[in-house]
Structure formats: C-alpha cells, structure tokens
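J.: In order, the protein sequence lines correspond to chains A and B. Those letters in the first sequence? Residues 1 to 516, by UniProt numbering. Those letters in the second sequence? Residues 1 to 437, by UniProt numbering. Don't be surprised by glycine CBs; every beta carbon is placed ideally from N, CA and C. The structure presented is a predicted model; accordingly, all values stated were derived computationally and were not measured.
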Amino acid sequence: MKLTVWTYEGPPHVGAMRVATAMKGLHYVLHAPQGDTYADLLFTMIERRNHRPPVSYTTFEGRDLGTDTASIFRNTCRNAYDRYKPQAMIVGASCTAELIQDDPGGLAEAMDIPVPVVALELPSYQRKENFGSDETFYQIVRALAQPMERTQEITANLIGPLALGFRHRDDIEEVKGLLYEMGIGVNVVAPFDATPEDIAKLGQAHFNVLMYPEHAETAARHLERTCGQPYTKTVPIGVGATHEFVAEVAQICGVEPKKDLSRLRQPWWSKSVDSTYLTGKRVFLFGDATHVKTAARIARDEMGFEVVGLGCYNREFARDIRKLAKDYGVEALITDDYLEVEKAIEDLAPEMILGTQMERHIGKRLGIPCAVISAPVHVQDFPARYSPQMGWEGANVIFDTWIHPLVMGLEEHLLHMFREDFEFHDEAGASHHGGHAPKPIAEVPAPEPVATQPEAPAETGSDVMVWLADAERELKKIPFFVRGKAKRNTEKFAAERGVSEISIDTLYEAKAHFAR
Amino acid sequence: MNQPTNISGATCRDAPILKERGQREVFCGLTGIIWLHRKMQDAFFLVVGSRTCAHLLQSAAGVMIFAEPRFGTAVLEEGDLAGMADAHEELDREVDRLLSRRPDIKQLFLVGSCPSEVIKLDLHRAAERLTVKHAPHVRVLNYSGSGIETTFTQGEDACLASMVPVLPETDERELLLVGALPDVVEDQAVDLLNKMGIGPIRVLPAHRSAEAPGVGPNTVYACLQPFLGDTSAELDRRGARMIQAPFPFGEEGTTLWLRAIADEFGVDDETFARVTDAPRARARTAIANAAKALQGKTIFFMPDSQLEIPLARFLTRECGMEAIEIGQPYIHKGLVGPDMDLIPAGPTISEGQDVDKQLDRVRAARPDLTVCGLGLANPLEAEGLTTKWAIELVFTPVHFYEQAGDLAGLFSRPVRRRELLKLEAASASKETREVAR
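(1) Rounded to whole angstroms, how far is the Cβ of Asp86/B from the Cβ of Asp80/B, which I believe are closer than 8 angstroms?
(2) Give me the residue from Pro279/B, Thr276/B, Tyr330/B and Ala408/B with the minimum Cα distance to Ala291/B.
(3) Of the residues Asp198/A, Glu224/A and Gly363/A, which one's Cα is nearest the Cα of Gln87/A?
(4) For Leu50/A, go through chain B and note every residue whose CB falls closer than 7 angstroms to its CB, in chain order.
(5) For Cys95/A, would you say it is in contact with chain B, using Cβ-to-Cβ distances shorter than 8 angstroms as the test?
(6) Asp381/A: buried (16+ other C-beta within 10 angstroms of its C-beta) or exposed?
(7) Could you name the residues of the same chain whose beta carbon sits closer than 6 angstroms to that of Phe27/B, not counting the 5 residues immediately before and after it, in chain order?
(8) Decide yes or no for the touch test of the region 391-400 of chain A against the region 311-324 of chain A: beta carbon pairs closer than 8 angstroms, at least 3 of them.
(9) Between Thr31/B, Ala382/B and Gly352/B, which has its C-alpha nearest Gly112/B's C-alpha?
(10) Once DSSP output is grouped into helix, strand and coil, what is the label at Glu9/A?
(11) For the alpha helix (DSSP H) that contains Lys291/A, what are its first and last residues?
(12) Using a Cβ-Cβ cut-off of less than 7 angstroms, give me the residues of the region 32-56 of chain B that come near chain A, in sequence order.
(13) Could you please tell me which residues of the region 79-91 of chain B, in chain order, have their CB closer than 8 angstroms to any CB of chain A?
(14) Using 8 angstroms as the limit for Cβ to Cβ distance, is Trp392/A near chain B?
(15) Measure the CB-CB distance between Phe45/B and Leu36/B and report whether it falls below 8 angstroms.
(16) Please list, in chain order, all residues of the same chain as Ala163/A whose beta carbon is under 7 angstroms from its beta carbon, the five residues on each side excluded.
(17) Quick check on the DSSP output: the alpha helix (DSSP H) that includes Val341/A runs from which residue to which?
(18) Taking Leu26/A as part of the beta strand (DSSP E), name the residues at either end of that continuous run.
(19) Hey, would you say the C-beta of Lys106/B is under 7 angstroms away from at least one heavy atom of the ligand ADP?
(20) Specify, as a first and last residue, the run of the alpha helix (DSSP H) that Ile309/B falls within.
(21) Could you pull out every residue in the same chain whose Cβ sits closer than 6 angstroms to the Cβ of Glu419/B, ignoring the five residues on either side in sequence?
(22) Just the chain A side, please: which residues come within less than 8 angstroms of Glu156/B by C-beta, in chain order?
(23) Taking all protein chains shown into account, decide if Ser500/A is buried (16 or more other Cβ within 10 angstroms of its Cβ) or exposed.
(24) I'd like to know whether the C-beta of Thr396/B is nearer than 8 angstroms to at least one C-beta of chain A.
(25) At a CB-CB cut-off below 7 angstroms, which residues of chain A make contact with Gln58/B?
(26) State the beta-bridge partners of Thr335/A as determined by DSSP.
(27) According to DSSP, Arg202/B sits in a beta bridge with which residue or residues?
(28) Which chain B residues are close to Pro33/A, counting only those with a beta carbon under 8 angstroms from its beta carbon?
(29) Chain B partners of Leu348/A, CB-CB under 8 angstroms?
(30) Distance cutoff 8 angstroms, beta carbons only. Does Ile331/B sit that close to anything in chain A?
(31) Provide the residue(s) that pair with Lys2/A in DSSP beta bridges, ordered along the chain.
(32) Under the rule that 16 or more other beta-carbon atoms within 10 Å means buried, what is Gln101/A, buried or exposed?
(33) With a floor of 3 residues, list each beta strand (DSSP E) that falls wholly inside the region 160-240 of chain A, ordered by position along the chain.
(34) Which term fits Ala299/A, buried or exposed, when burial requires 16 or more other beta carbons within 10 angstroms of its beta carbon?
(35) Assign Tyr57/A to one of three DSSP states: helix, strand, or coil.
(36) List the residues of chain A that Thr73/B touches, going by C-beta distances under 8 angstroms, in chain order.
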C-alpha cells in the first residue's frame, strides 16, 4: 500500500483508452464497474473531443458479483459490435475486473464476432498508463500488421501519437513537413486517426518514425523484427535534435538531408542580446523521459541555461534518465511521488522549472517561474492555435514558451535600476504574473528596525546559519527574484568555509566567488 | 397560500418508472469526498483502492488537488492482493504515518472502493481496530464509496450514515438539518428558522467532530438533499423522525420546506409571512429575470445526482420549462415523493441507465436543454444539442431563496449562449464569400 494524492499516470486501461480514442473504426470493450467512465471526461473536456471515446463499459454492480459478470461482458460486447460495427475491437479489464478473473479475451473469442478482437492483458497493480498505451498499440499492431511489399516512393509511418498526448496533434504536422522536404511521403500515422485497416498497411512503409518512445517503442521493435523496418532513434524536439533527426532519416533512406530553415527563428532569438540574461539561469527539469531528455539538451545547448536537476516519473526509462543526468553532472530523480519532486525543487532552488502540470503548481507555491514541457497537462495545454514541440516551428514555440515566465533582459535591468522605487517593492512581484498585481501601499515603509535577535535562522544541512542584522538588511536590497539564489549561494559559501555568522563581507565575498 | 398547490389528476408519483440496466455514465461515490472534506474541517478521507481511484479523484477534483487536500488514496499493490493479513498491517502502517504527519486530524474515514470490496478487505474491522489504537485523539470510521455500491452523491449518504450510529444520545427536542451544504447557504437556512423561533438547530455533518449533533427520540430532522436515503434510515433507527417536504430549490421549494418545519414547531402564519415574505419576493424577482430564456423550452435529465426530480419540479413550475425525461440513478420515493407530487404526469421518469439507449431517446426528442455529465456534454453539443453539465449543481450554492436566481441562471446560461453565438452564421457568410469569389 502506498499513500497517494497526485498521480502522474493513470491506470493502464486509461493508456488503452488513449489508443482506442486516437483511432477510428476501433471499439474498446472494458470490463469495469460503474464509475470507471470518469475517464471519458479526460477526452471530452481536457482534449475537448467532440465525440464520446469509443469505449463500452460493462458497468457491473455489487449484486452481480459471483453470478453473471461474464454474461454481462458478453452482452456488452455483442451490443457494442451491433451498434458501432467497428473494423476491429479490443477487450480488457480494469483494475476491479482484473480481480474477478472473467478473462475478457477468452469470452470474446468464443463469441464469433466477425472482426478481429484483440485481447489486452494490462496488470493494473503493477503498471501504469504509459505501459497501457505502449502495450495496447503493440498488441493491435501484432494482430493486424503483416510484412508487405514496400511502396514505390519512399514512405514512413509516424508511430506513437495518441489521444491526450501533449501537442501530438501539431507534432504530426511538423514531422510530416520535415519528411516532405526530403521527398519522403507518409504511409500511415498511428494510432492517431488511424483505422484498423490502416494498421494492416503499416508493412508497406520503408521505415518508422518513432515519435514518442513511451507509447510505441514495443511496436517499433516488433515492426523492425517482422517487417524489416528500421525506426528512428532521435526525437526531433529542439534545433540540434531536429538536425540530427533529418540526418538520421536521410541516412536510413539514402536521400539528401534537405531542410527548409526559412521559418526557424529560435537560434537568432537565442543569440540576440536581450537573451544574454538567460545565460546560466538555473533550471530544473521533470516530466516524461522523452520530453525531459530533449528539453535538457535545448536548455543547455540552445538556451544557455544551467541544468541543476532532472528526472522523470516513468520508471521504464529510468536507466536512460540516470545516464543523461550523469552527462549533465546532476542527480537523476526517478519518482512518481510529487512530494519528492517538490523537495528536490526546494533544495535546489532553481530559477526556473520545466515540468508538468504538477510542477507548475509547485512553482506557483514556491514563487518559481515554470513552463510546461510534458504530460500530464491540463486543458490550457491543448491549445486551439498551432503549437508543436517538434521540428523547426516547435523550436520557435519552445523558445517563446520557456522565456515567457521569466523576467526578460530589459525588464530585469530596469528592475535593478529602480529597485528602491516603491512600485518595485517585494510584494509587487513581476508585472505579468497573474494574481500578483501590485497592492496599493498605504505609506512608504520606513526602514525596518532591525531586531537585536535574528529571526528564526534558516537551516542548511547540519549547519545553522545566523545572518547578522546588517547583512540581512543588505540581502533585502537585492531584488526579490534573485534574492533566493543570493541567500543560498552565500550560505553555501559560508558553510564551505565553516563560517556560521554571515556579515556583509561574507555576502559580498560569496558574490565575488560565484560571479560568472 | 403556503400550502402546496394541489395538482389535479395524476402526478409523477403515480407514473410508471422506466427501469433500465446497461452501461452507466456516472461517477462512483468516491467523488463525494471532494465536497465533504471541505465541509468537515478536521476529517481526512483515506480511500483504500487502486490507482484508478486516485486518478478518478484527481480528475474530478481538478485544481483542488493542489490545495493540500485532506484526502488521499492508499493504493493497493500486488502484494496486498495476495495476503490479506499483510494488507491490514500495511493499512495500519499507512494510517500511523498519515496521522503522525497530520496531527490536526480528528476523524479518519476509511473509504471502501471496488477493489477493496471485491477482495473483501474488512475495513469495518480495521476502523474499529484503529479507533482503539488512536483513541481518544482520532476516531476512525468506514463507509463504501465504491462504484459497485454507490453512485456519485450516494457517497455522501454512505459517509453520513456511517456517522449516525456513533452520534451522542440526546433527549432534547432539537431540529437536525441533514446534508452538507456550502456554509453561506447553511447559515441562511438556520437564520430563517431562528427568526421563526425554531431551535436549537444542529447540522449533520458538523464543521468539526467536537460539534457533532446529538440524536434521540425527540430529534426531528429535515433533509437538505434528496440522496440521503441510508442516512435517513439510520436516523430513524436512532428514534429520530423525518419532516417530509419538497427540497428547498427555488422559491416554492424553499417555502414548502420551511413551512413543513414551521408546522412541526407550531409557527403561526403571521410569523411565517413576516420572516419569508421579503426573501420570497426577492427570489421570485431573481428567478423571473434569470428564467426568461427558459420559458417554453424542453429539458431532458440524464441520471447523475438524484437532484434531478426536485430540479425538474423547480424548472417546470417556476421557470416555465417542459420536462421530456427525468432520469435519476435511484429513486427514493420516501424522500422525493413530495417533489414528485408537484410534477404532473407526462415526462418519462427513468431509474438507472443504459446510456446508448437513453442517448437514442435524447436524439429523437431533440430537447432544448440536456442535463448530463461531462463525458457526454461536448459530444452532444457537437451534435447541435445544448447541454448543462450536471456536476456544477452539486458544487455550486443553489439551495434556498437567495440562490434561486443563480439556480435558474445555471440552466439559462447555456441557452442564452446558444442564442448569442453566431458561429454558424459567421462560417456561412464566409462560404458565401468564397462562392461569390
């Protein structure tokens, strides 16, 4: 048993729903009690889909247990087929039905449904949502895809994009564009908008673009084995990664790595002088492994940030993320407990967080700016406007998204110059952060009388630091958005030297020490 | 003037009920935790369930999940399924850890889920054991919010029913108001009754466990919500007596509800009029304003919260709407009977659900407004039907006089929006332009 409030991932049958809802002409019969239909609203509300997810629930009740839950399943299956006439079906159990052991696969097989029925085994008490989607897509591909003759022109399958995927809709367009520029066509995009008939045609593509390893790596490996299709290992998020992706595709297909960079603005934006202030901003990254991996590279190599910590919630990729962390000289955080993430962020006191919806809230609580780079996300991250993460346009989008929460160069400069002005007092906050509109101040506060006893000293590790009154006053003169860093650096500096009382001199010695 | 308007001929109470079984598109009782934990300020709700339960609460609670909520899920893992003895040890350990982290907690509810019930994890025994262990500081109770036993608001019923047997005994003649309402509404109700000289008034659930009401043979109680069947039965078992009335939605519902209590306490007409005339007039004005868009419109209720019958009564009688179907997950005539008496026979009254068949009926009837859950609302809107998502009716203050206008407003807003938006016209004119070019 484990006490949980927030979960980064749902149960595995939600992963299966994401595959089913992404596809057309497929129906999912889920053996589940009343209430499990809550997951429908993730699709109709967060993704704002205009149709019900193609899922029929058996909705068994307490009084059905031990008697006829199997026949309820059969009826639901039959009704679903008669009503929706899908090209194929998937059947499985949710966590409760897993316990009553009705074997949906076996029951459906005995029913003579005239279309392929794929049985799903999703261990709800061991695995989670991403496993569910990866496994479901793999089972569908395994059941329906066959080796085929290749298309005459070079084509690729784009595999991995799902319902409820973070920016999947627009990433597809961007990747299609990258391939089109090299003269490569798209055979099938799956599961997104694919039918079971499309899945049966996967074999005729020359190779697969594995867009999201979390959701389709098992299927990609399977297709490599059975259909001899290589798949791309680079996920084209970020300028460098997109260049590498194009090179990888060109090499797989033996074509010219042609690129149209005319709309790529990110590199110049990042070079322009206003961005100088981004140099060395300390960022913390958390999310799914793929987005964290790509974001780390963008943060360091394309934005000039300093990555001070990173991690992911999907254990399937723990090894990759540990290796990545080593490359960046930081500690990897592999956890699905948001309290651990919050603790790590508190300890590291970064100037920016790149994470999920949850980190956005942690950031809000700690007063640290945050941009969202990965699922789970809320409704605002399924935008109406075009906003991919992949490819050249994705790089433009990412630049804007990441710097928007930060105080930009000129603004930071002005805040420094006028920091004694009453309008820039501590409580005013940054002008564009909602909910922090400057409060009217009744009177300009007189310099605070300094207490003879220092206030509750901050604890850092085992050493207890005491800030002397004049140093404390000096610290308060530092603008609020860099004060946390200054305080932390000074205490670290003092601790390393065995100093337990911090004076103005300590403060400025530390500043000199950490000057970049 | 304060007596129920008599309806000649058959009413909904006598109408046959269409009972259906099939796929249900409803929440399970666990969702009740989301509003109960706000109301009971020293209680913690610990669901014993699966990752699905945790995910449900997170999806249903939305942003509330980030506000240090007093609820959580002890997620069962593979090991817990194998050995039941270990599961109890694990539960004890998680509870110990939780209570040491949150010393402000005085009541702990172990909330059963589908998985915990299917594996027959005995939470009742666990609650007794943990009560002994953590007495007198914390009392541990248990109830089921599982989908196989409860639908949506029934979770509140199960929770309150679990509290009744351990309420202190009293011989006082007290009025007990039952049901968790937003504080502002509860205060209005108490204030109106106090002004008529009725008291003392107690509420279940109370804000804090120390304020728990007593109950006994002289207790009379009135339900604030129509879904409290089990709680009502438990109160009856303690010797308390229910005051039957329509539920306090709209001007008429509130008046009849207050009148029933006033009659029980011997309040004369003059006093009643003095206290209620002004707010009644306010409520009527507010409803008239908000309900303009609803006059003559048809409405279809999908089952959700058991509020459907009282709300249909309000909308048909005070807002001029016509009900096509009133679906409820369960119909407890002992509670909603007085409301059913006020609705003339005509609309289909349905209990339970086969969602596909019910949607066929919605599509055939093409109502002006369909009240349904969030899993159905956008798909129906995309089919050109106007919807009011039902969950809001449980979270928003909608009871009593001062909220009557807001209640009508919740239904008229989607209708007005439909009339305001000219999206089709905009795209049509664009097409015209393109053709012209």
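T.: In short, the structure shows the following:
(1) 7 angstroms
(2) Ala408/B
(3) Asp198/A
(4) Inspection of the sequence shows that residue 50/A is occupied by Asn rather than by Leu. Residues of chain B passing the Cβ test: Asn378, Pro379 and Ala382.
(5) yes
(6) buried
(7) Phe152
(8) no
(9) Thr31/B
(10) coil
(11) Sequence inspection shows His at residue 291/A; the Lys mentioned does not correspond to that position. Where His291/A is concerned, the enclosing alpha helix (DSSP H) stretches over Ala289 to Arg297.
(12) Ser50, Arg51, Thr52, Ala54, His55 and Leu56
(13) Asp80, Leu81, Ala87, Glu90 and Leu91
(14) no
(15) yes
(16) Arg18, Thr21, Ala22, Phe43 and Glu47
(17) Tyr338 to Leu348
(18) Leu26 to His31
(19) The ligand content of the structure shown is nil, which means the ligand ADP is not present either.
(20) Glu308 to Glu318
(21) none
(22) Under the 8 angstroms cutoff, chain A gives no residues; its nearest Cβ is about 15 angstroms from Glu156/B.
(23) exposed
(24) no
(25) Trp6 and Thr7
(26) Beta-bridge pairing links Thr335/A to no other residue.
(27) Leu176/B
(28) Cys28, Cys114, Ser146, Gly147 and Ile148
(29) Result: empty, since nearest Cβ-Cβ is about 20 angstroms, beyond 8 angstroms.
(30) no
(31) Val75/B
(32) exposed
(33) 185-190 and 207-210
(34) buried
(35) strand
(36) Leu3, Thr4 and Val5
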